[in-house]
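Visitor:
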Ligand code: ASP
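Numbering (our numbering), first residue to last: 3 to 589.
(1) Do residue 469 and residue 457 come within 7 Å of each other at the CB atom, strictly closer than that value?
(2) Can you tell which of 91, 403 and 28 has its C-alpha closest to the C-alpha of residue 15?
(3) Which same chain residues, not among the five before or five after residue 136, have their C-beta less than 8 Å away from its C-beta?
(4) Whole angstroms are fine: how far does the CA of residue 277 sit from the CA of residue 531?
(5) Can you tell me which of 7, 73 and 58 puts its alpha carbon nearest to the alpha carbon of residue 45?
(6) Can you tell me whether residue 506 is helix, strand or coil according to DSSP?
(7) With residue 412 and residue 447 assumed to form a contact (beta carbons below 8 Å), what rounded beta-carbon distance in angstroms separates them?
(8) Can you name the residues that DSSP bridges to residue 355?
(9) Counting only the same chain and skipping the five closest in sequence on each side, list residues whose C-beta sits under 6 Å from that of residue 233.
(10) How close, in whole Å, do the beta carbons of residue 317 and residue 198 come, if the pair is a contact with beta carbons under 8 Å?
(11) Measuring alpha carbon to alpha carbon, tell me which of 209, 559, 533 and 172 ends up nearest residue 191.
(12) Identify, in the order they occur along the chain, each residue of the same chain with its Cβ nearer than 8 Å to the Cβ of residue 517, setting aside the five sequence neighbours on each side.
(13) Tell me whether residue 97, by its Cβ, gets closer than 6 Å to a heavy atom of the ligand ASP.
(14) Using a 10 Å radius around the Cβ and a threshold of 16 neighbouring Cβ atoms, would you call residue 427 buried or exposed?
(15) For residue 482, verify whether its CB is less than 6 Å away from any heavy atom of the ligand ASP.
(16) State yes or no: is the C-beta of residue 528 within less than 7 Å of the C-beta of residue 239?
(17) Tell me, which residues are paired with residue 221 by DSSP?
(18) Rank 341, 297, 503 and 237 by C-alpha distance to the C-alpha of residue 151 and give the top, closest one.
(19) Answer yes if the stretch 462-480 comes into contact with the stretch 429-442, meaning at least three C-beta pairs across the two stretches below 8 Å, and no otherwise.
(20) Taking the beta carbon of residue 26 as the centre, do at least 16 other beta carbons fall within 10 Å, making it buried, or is it exposed?
(21) Compute the distance between the beta-carbons of residue 43 and residue 235, then report whether it is under 7 Å.
(22) Would you call the CB atoms of residue 283 and residue 476 closer than 7 Å?
(23) For chain D, check one thing: does any of its Cβ atoms lie closer than 7 Å to the Cβ of residue 7?
(24) Have a look at 451, 557 and 550 and flag the residue whose alpha-carbon is nearest the alpha-carbon of residue 138.
(25) Might you give, ordered along the chain, the residues of its own chain that have their beta carbon closer than 8 Å to the beta carbon of residue 106, omitting 5 neighbours on each side?
(26) Find the nearest neighbour of residue 541 within the set 422, 366 and 466, judged by alpha-carbon distance.
(27) Taking the CB atoms as reference points, tell me whether residue 391 and residue 321 lie closer together than 7 Å.
(28) Between the Cα of residue 4 and those of 370, 38 and 103, spot the shortest distance and give me the residue it belongs to.
(29) Does the distance from the CB of residue 76 to the CB of residue 17 come in under 7 Å?
(30) What distance in whole Å lies between the Cβ atoms of residue 286 and residue 405, which are believed to be in contact at a cut-off of 8 Å?
(31) Let's test the definition: count the other Cβ atoms within 10 Å of the Cβ of residue 213 and tell me whether it reaches 16, buried, or not, exposed.
(32) Just to check, is the beta-carbon of residue 171 closer than 6 Å to a non-hydrogen atom of the ligand ASP?
(33) By the 10 Å Cβ neighbour count, where 16 or more other Cβ atoms means buried, how is residue 187 classified, buried or exposed?
(34) Note down, in chain order, each residue of its chain lying with its Cβ closer than 8 Å to the Cβ of residue 360, except the 5 sequence neighbours on either side.
(35) Here's a check: name, in chain order, each residue in its chain whose Cβ is nearer than 6 Å to the Cβ of residue 121, leaving out the five neighbours to either side.
(36) Taking just the CA atoms, how far does residue 165 sit from residue 259?
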């Protein structure tokens, strides 16, 4: 038997017992006649001690030969510690070593394996198995485990069946590129890894499994933006005989239950906001509604006063930062720098300080009188002491820039408390989105999303105005999940493919199986998928999903530990009918 206890469980109640533990040497303090070592395992840390006179000489010698991360098995008596450590559960005791076995030695690790480490990101990724020994990373994985258990419990309690769908499938266009897998048995043919189990879960509805879910890996070959992973996990769900409200209520239930069981946080009912309103008020389809600072359209008061920048703009937008009229010149310059950064892209920023004495001070005083500025303040609902920040230009661009500025101000003014959770549903997304490059419409969600019945008549006349039965769950400005009510009628699905520029032959070749299935009794259905990694990060109040994945890829989609992707040898290429001499074309 290697151990009688873990390194996390011994305390004053065990004093006098002879015990065995096993684990890794974290810190070694050699004070000559006395040596202390902290032994760590997944459960905690226990101090062992060897002292001349209390332990045999050879034990002391062995202790002195131990280095960081050696794997040890220790037996000894639990005794009370002289200097206690109230920060850890085992802090009242130590073990006086009577037997010690070095189960394995270890090279000096490339970074310190402690809560605060000196290792940089890339180094920690390369030695991820060492990074995983650190408490903060382990806690993240434990949270992830708990989240998956609680999800399964809840889904089971409301009759959802977990069904696995295949990973080797055929390409489904969902916006991103597919990862493909060559088939050795079918020369020149490829599988694709699923971007999501979308079509399979819809087929399960046709099969009568009216509540399906799966915690499942999805694969998307996207240009990697910060904090995207080429493989990630979803809680993927589908239900039959439901309308949008049924889906929203069901998953509001799941979300509330997860927040309650994991964080002991009771969430209020989730408000619904339509896409148009989200864009108008926040310039984002995933607004952070922990704070106000809603956009105000200032066109009527700011235009036609001789200020060309505003006169020539499609929109003049303002936000009000409460009690920020005290901002100094330097702070305002910094805000201007912020909006001018290429990532934000504004040309400049106008401010109006609403002074406590009722006067106004703006960066455009040359063009606007005190009465003019008072009209701005009235329209924007700004009070004495507030600061109005104004951006202008084309509608879409200005909204995007203002969204960035609003979030920045929210952070700067301390209005985005991570422990304050404000969920909402964003609903009524547009069905289609115009793509400038290909000069045609793309499905905003995916091609299986149902248009709203009241907009059917606009499908041909004004496709851009058609709204979808599509929804996103947003918490604190983060998109946690998204889904839609699906098309279950073959003719409507065919019309949709047509709108998206598929010929009937292309549609049949790609989705014949789904269209065929719709002819054998497809029930009305809809669903949603939650980003599982993202949900973990959100519940932990953190930003990076990478910290919640045991073996993540880096920003260029590489696993630097196993060094993948990597070339394969010529034989393997041949066997797969891949041309090993094919030139790599630059992206
Ligand atoms: N398949 C969709 C996605 O991965 C989710 C859904 O529509 O249920 O985003």
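Cβ coordinates follow ideal geometry from the N, Cα and C atoms, glycine included.
Guide: Quick look at the numbers:
(1) Note that the C-beta distance between residue 457 and residue 469 is below 7 Å.
(2) Selected option, being the one with the closest Cα: 91.
(3) When the five nearest sequence neighbours on each side are left out, the beta carbons in the same chain lying within less than 8 Å of the beta carbon of residue 136 are those of 115, 116, 117 and 119, in order along the chain.
(4) Pairing residue 531 with residue 277, the inter-Cα distance amounts to about 19 Å.
(5) For residue 45, the nearest C-alpha among the options comes from 7.
(6) In this structure, residue 506 counts as helix in the three-state DSSP scheme.
(7) With 8 Å as the limit, residue 412 and residue 447 do not qualify as a contact, their Cβ atoms being about 28 Å apart.
(8) Beta-bridge analysis with DSSP links residue 355 to 363 and 389.
(9) Sequence-distant Cβ neighbours of residue 233 in its own chain, meaning closer than 6 Å and more than five residues away, are 219 and 221.
(10) With a Cβ gap of about 36 Å, residue 317 and residue 198 do not count as contacting.
(11) Per the C-alpha coordinates, the member of 209, 559, 533 and 172 positioned closest to residue 191 is 172.
(12) Counting only residues of its own chain and dropping the five nearest sequence neighbours on each side, residue 517 has a CB closer than 8 Å to the CB of 492, 495, 496, 509 and 510.
(13) No; taking the cut-off as 6 Å, the Cβ of residue 97 has no heavy atom of the ligand ASP nearer than that.
(14) A residue is called buried when at least 16 other Cβ atoms come within 10 angstroms of its Cβ; residue 427 meets this threshold and is buried.
(15) No, the Cβ of residue 482 stays beyond 6 Å of every heavy atom of the ligand ASP.
(16) No, Cβ-Cβ distance for residue 528 and residue 239 is not below 7 Å.
(17) Answer by DSSP bridge pairing, in chain order: 233.
(18) The option with the nearest alpha carbon to residue 151 is 237.
(19) Touching, yes.
(20) Counting the other Cβ atoms within 10 Å of the Cβ of residue 26 gives 16 or more, which makes it buried.
(21) Cβ atoms of residue 43 and residue 235: not closer than 7 Å.
(22) Taking 7 Å as the Cβ cut-off, residue 283 and residue 476 do not qualify as a contacting pair.
(23) Absent here is chain D; the protein component of the structure consists of one chain.
(24) Per the Cα distances, 550.
(25) Taken in chain order, the residues that qualify are 72 and 73.
(26) Residue 422 holds the alpha-carbon nearest to the alpha-carbon of residue 541 among 422, 366 and 466.
(27) Pairing residue 391 with residue 321 gives a Cβ-Cβ distance under 7 Å.
(28) It is 103.
(29) Taking a C-beta distance under 7 Å as the contact criterion, residue 76 and residue 17 do not qualify as a contact pair.
(30) 4 Å between Cβ atoms; contact.
(31) Counting every other CB atom within 10 Å of its CB across the protein chains shown gives residue 213 a total of 16 or more, marking it as buried.
(32) Not under cutoff, so the answer is no.
(33) Residue 187 comes out exposed.
(34) The beta carbon of residue 360 sits closer than 8 Å to those of 386, all from its chain and outside the five residues before and after it, given in chain order.
(35) When the five nearest sequence neighbours on each side are left out, the beta carbons in the same chain lying within less than 6 Å of the beta carbon of residue 121 are those of 113, in order along the chain.
(36) The straight-line gap from Cα to Cα measures roughly 22 Å.
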